[in-house]
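J.: Residue numbers (my numbering): 263 to 329. The C-beta atom is built at its ideal place from N, Cα and C for all residues, glycine as well.
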Amino acid sequence: MVPALREAIEHLRYDPRPPGCKKLKGRVMCWRIRVGAYRVLYDILDRDRAVVLLKVGPRKDVYRFLQ
Numbered sequence: 263m264v265p266a267l268r269e270a271i272e273h274l275r276y277d278p279r280p281p282g283c284k285k286l287k288g289r290v291m292c293w294r295i296r297v298g299a300y301r302v303l304y305d306i307l308d309r310d311r312a313v314v315l316l317k318v319g320p321r322k323d324v325y326r327f328l329q
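As structure tokens, this is what we get:
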């Protein structure tokens, strides 16, 4: 795994809504962060204080997951 990608995912533990994150709309409601050419899709469970990773990968593959 790309070191910057691993670091960004680890940081979600402390700040699940970092600068630059975006809430996506559509069939799958989730959040997205960009890390270079990669995207991390995740959901935030505020009540449980948890972050659930849904998909991590290159942009083209990750957005295919949403369709």
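When the Cα of residue 321 is compared with those of 299, 278, 315, which residue comes out closest?
T.: Translated into the one-based positions of the sequence shown, residue 321 becomes position 59. Of 299, 278, 315, the residue nearest in Cα terms is 299.
J.: Can residue 316 and residue 292 be called in contact, C-beta distance under 8 Å?
T.: Numbered from its first residue, the sequence shown carries residue 316 at position 54. Numbered from its first residue, the sequence shown carries residue 292 at position 30. It is a contact, given that the beta carbons lie within the stated cut-off.
J.: If residue 304 sits next to residue 313, beta carbons under 8 Å apart, how far is it from one beta carbon to the other, in whole angstroms?
T.: The sequence position of residue 304 within the sequence shown is 42, counting from 1. The sequence position of residue 313 within the sequence shown is 51, counting from 1. Residue 304 to residue 313, Cβ: 5 Å. Contact.
J.: Measure the Cβ-Cβ separation of residue 294 and residue 319 and say whether it is below 8 Å.
T.: As a first step, residue 294 is located in the sequence shown; it is residue number 32 there, counting from the start. As a first step, residue 319 is located in the sequence shown; it is residue number 57 there, counting from the start. In this structure, residue 319 does not lie closer than 8 Å to residue 294 by Cβ.
J.: Which of helix, strand or coil does DSSP assign to residue 317?
T.: To locate residue 317, count along the sequence shown from 1; it is residue 55. DSSP places residue 317 in strand when its eight states are reduced to three.
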